[in-house]
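Have a look at the structure below before the remarks.
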Amino acid sequence: MSDIEFPSKILENAVNEFSRLPGIGKKSALRLSLHILKQDKESVYRFAEAITTLIDEIKYCQNCFNISDSDICSICSNPRRDHSLVCVVENVRDVMAIENTHQYNGIYHVLGGLISPMDGTGPDDLTIAPLEEKLKKGEIKEIIFALSTTMEGDTTNFYLYRKFQNYPVKFTTIARGVAIGDELEYADEVTLGRSLVDRQPFEKNVQ
Amino acid sequence: MYLKHLNILNYKNIAQADPEFCDGINCFVGSNGAGKTNLLDSIYYLSFCKSFFNSVDSHNIHHDEDFFVIQGTFVRNDQEEQIYVALKRNQKKQFKRNKKEYGKLSEHIGLLPLVMISPSDERLITEGSDQRRKYIDSVVSQYNKLYLDHLIRYNRALSQRNALLKKYDQLNSGVAAQLDVWDEQLASLGEELYLRRSEFIEQLVPVFRELYSHISGGDETVDIVYSSHYQKGNVIELLAQNRARDLILGYTTIGIHKDDLSLLLSGRPVKKEGSQGQKKSFLIALKLAQFEFLAKYNGFSPILLLDDVFDKLDMHRGKRLIQLVGEGRFRQIFITDTQRERLEGIVNQTGKNSRFFEVVKGSVV
Ligand SMILES: [Zn+2]
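Going down the list, the protein sequences come from chains A and B. Going by UniProt numbering, the residue at position 134 of the first sequence is 134; the numbering climbs one at a time, nothing skipped. Going by UniProt numbering, the residue at position 317 of the second sequence is 317; the numbering climbs one at a time, nothing skipped.
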């Protein structure tokens, strides 16, 4: 599709921007651009504003690195949640998946990725140091690893366990109702909810 | 198990074909380049989700077309199994069993056991150790689901460790802590794979020896010896000892990805010592041993594909091979040959049910 002839540079520019979004090819980008041209201006301005506000005003929770409107997210600032129970996840989508199960009453720690040298991600690129700070302060009683069961998820689990094993906390991992290689966010809610309830001590999962 | 009906559209040079097969010996005869081997390959595809020859999937599409479809109706445990594969250029391959799409292709591997004997088996003798590892992997994953899964994970961990080794050239505590984790994973997955490979070779060798002496008629001894780092000590320690070297080289030098098989004729490498005929017998015996192994494991005979086998065998060996076939350990066989009369002569000796198909310029007559 690189050979589309555009009647307008402005249109071409919009199509190029749209096609940088994940899963959007040139064809879909053209369809979206033409769709936007047919909308009334007010709604398009609202759309554009939502995008710029998103990038300008969104914050990351200083405690758990979840997406938040304030410095501390609504989960971390909720006094009814158990702050000694920390569920370690890869990203914000995992937080949303687990929250949707309504089975979990602790707080989260969002790593921001998994150890994957092929993608250039090492332990220093993840929020491992802040997690260790919390451990040092003795705020945590139990850490639940809820990373995907891919090679990278397992390796990150294992790395964290080795690094933190001397702290006096309990390490558990969500029970593997989730099939090998499945991403956490695709697991259905029933399976995920049950896995959280049935979580197991981490050593059991290491061969 | 047998294949009852095949329906091909645009697979390699075969524009369209829908042959009906017999539960016995099916023969494709025709001149070189007519498409006989492509017919075998389409059957192979239904079993392994890929071509025996072409690893680039889109190269299997007929050059004038946008897609290929292969459909096969198998009878397995008295039940019909409809297998469907379709590939459109630039799209994901569709693979279905009884109209239901597979989540992962690895779920299909092993459902329809099959053994192919082809002139390109020679690679096992002439080429590098990766060919021999590929051979073991393709057989073991046909009967052990977990094996393929472990292998995929092992290869992923290996690529990750290699990426780490390429990024750094000196060992510091940060790199060491990361290597520790990859080493543990590689060593434990590798051990599982090592054990499965050992078991397989151990069971294969006695059958292989017997088949070799049967086909060759000679009294030379043959052997297959499996070698692996796991026989040399604790792999975790070996990985740790070789870290400095691995960092300089930028890849992992220890592990099951370095395993090999020594193929021996009278105690010496068959590659150097064997005559053409001995090499040929060696490979056929190896493949037939694999067949016996899978038949025993599954409790039923795999499908056997013989590509151009009789052309390269002398009369003597060809006759012995056909004797084996006639002894009834085989059920459905597909054979290609350029000479109809020769093949008819051979097939009639087996006393088995047979059907002949003429292949002309990509069409089945
Ligand atoms: Zn938070």
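Built from N, CA and C at the ideal position, the CB exists for glycine as well.
By DSSP, does E90/A sit in helix, in strand, or in coil?
coil
First and last residue of the uninterrupted alpha helix (DSSP H) at H229/B:
Here H229/B belongs to no alpha helix (DSSP H), and DSSP marks it neither H nor E.
On the three-state DSSP scale, how would you describe G106/A?
strand
Can you tell me whether D66/B is buried or exposed? The criterion is at least 16 other CB atoms within 10 Å of its CB, across all chains shown.
exposed
Hey, does R196/B have any beta-carbon neighbour from chain A nearer than 7 angstroms?
no
What does the alpha-carbon distance come out to for the pair V364/B and G35/B?
Spanning the two alpha carbons is a distance of roughly 9 angstroms.
Euclidean distance between Cα positions of N54/B and N60/B
7 angstroms
Any beta carbon of chain A sitting closer than 7 angstroms to that of V235/B?
no
Does any heavy atom of ligand 2 sit closer than 6 angstroms to the C-beta of I254/B?
As presented, the structure is devoid of ligand 2, carrying ligand 1 as its sole ligands.
At 4 residues or longer, what runs of the alpha helix (DSSP H) sit wholly inside the region 163 to 235 of chain B?
173 to 216
Does DSSP put M116/B in a helix, in a strand, or in coil?
strand
If I measure Cβ to Cβ from I180/A and keep anything under 6 angstroms in the same chain, skipping five residues before and after, which residues do I get?
Interpretation of I180/A is limited by its pLDDT of 40, a score under 50 that renders its predicted location unreliable; no figure is taken from the coordinates.
Inter-residue Cα distance where the pair is T350/B and L164/B:
58 angstroms
Listed by chain order, chain A residues near Q160/B by CB distance under 9 angstroms
What Q160/B touches in chain A: I115, S116, P117, M118, M151, E152, T155.
Beta carbon of I25/B nearer than 7 angstroms to that of V270/B
no
Going by beta-carbon coordinates alone, are K141/A and S77/A separated by less than 7 angstroms?
Cβ distance not < 7 angstroms, so K141/A and S77/A don't count as in contact.
By DSSP, does I14/B sit in helix, in strand, or in coil?
strand
Consider the C-beta atom of I75/A and the heavy atoms of ligand 1; say whether any pair is separated by less than 6 angstroms.
yes
Looking at C-beta atoms only, is the number of pairs between the region 210 to 227 of chain B and the region 267 to 287 of chain B that lie closer than 8 angstroms three or more?
Output reads yes: the region 267 to 287 of chain B touches the region 210 to 227 of chain B.
Tell me whether I322/B sits in a helix, a strand or coil according to DSSP, three-state version.
I322/B carries a helical assignment under DSSP once its states are collapsed to helix, strand and coil.
Classify G59/A as helix, strand or coil using the three-state DSSP reduction.
Note on residue identity: the sequence assigns Lys, not Gly, to residue 59/A. Reduced to three states, the DSSP call for K59/A is strand.
Excluding the five sequence neighbours on either side, which residues of its own chain have a C-beta within less than 8 angstroms of the C-beta of D314/B, listed in chain order?
The residues are G277.
Which bits of chain A does V359/B rub up against, with CB to CB less than 9 angstroms?
The contacting residues do not exist; V359/B stays about 39 angstroms from chain A at best.
Counting beta carbon pairs with one atom in the region 175 to 185 of chain B and one in the region 142 to 162 of chain B, are three or more of them shorter than 8 angstroms?
yes
Against chain A, does V309/B count as a neighbour if the rule is that its beta carbon must be under 7 angstroms from one of theirs?
Not closer than 7 angstroms to any Cβ of chain A, the Cβ of V309/B fails to qualify, so no.
Any non-hydrogen atom of ligand 1 within 6 angstroms of C61/A CB
yes
Paired residues, beta bridge with L305/B - DSSP:
M116/B, F334/B
Could you work out which residue in P206/B, M1/B, V235/B, P113/B is closest to D223/B when comparing CA atoms only?
P206/B
Straight-line CA distance for R268/B to R317/B?
In a straight line, the C-alpha of R268/B is about 22 angstroms away from that of R317/B.
In this structure, how does DSSP classify K92/B when only helix, strand and coil are distinguished?
coil
Looking at ligand 1, does it come within less than 6 angstroms of N144/B, judged from the CB to the closest heavy atom?
No, since every heavy atom of ligand 1 falls outside the 6 angstroms radius drawn around the Cβ of N144/B.
Below-7 angstroms beta-carbon distance, V181/B vs any chain A residue:
Interface residue (Cβ-Cβ distance to chain A less than 7 angstroms): V181/B is classified as such.
Once the 5 residues before and after K204/A are set aside, which same chain residues still bring their CB inside 7 angstroms of it?
Low confidence applies to K204/A: its pLDDT is 45, below 50, so where it sits in the model is not reliable, and the reading given next is rough at best. Contacts found: none.
Taking the beta strand (DSSP E) that D259/B belongs to, which residues open and close that run?
Note, D259/B: premise wrong, no beta strand (DSSP E); not H, not E.
Exposure label - M151/A; buried when at least 16 CB within 10 Å
Counting Cβ neighbours within 10 Å, M151/A comes out buried, since at least 16 surround it.
Whole-Å CB distance - V88/A paired with L160/A, under 8 angstroms assumed:
7 angstroms
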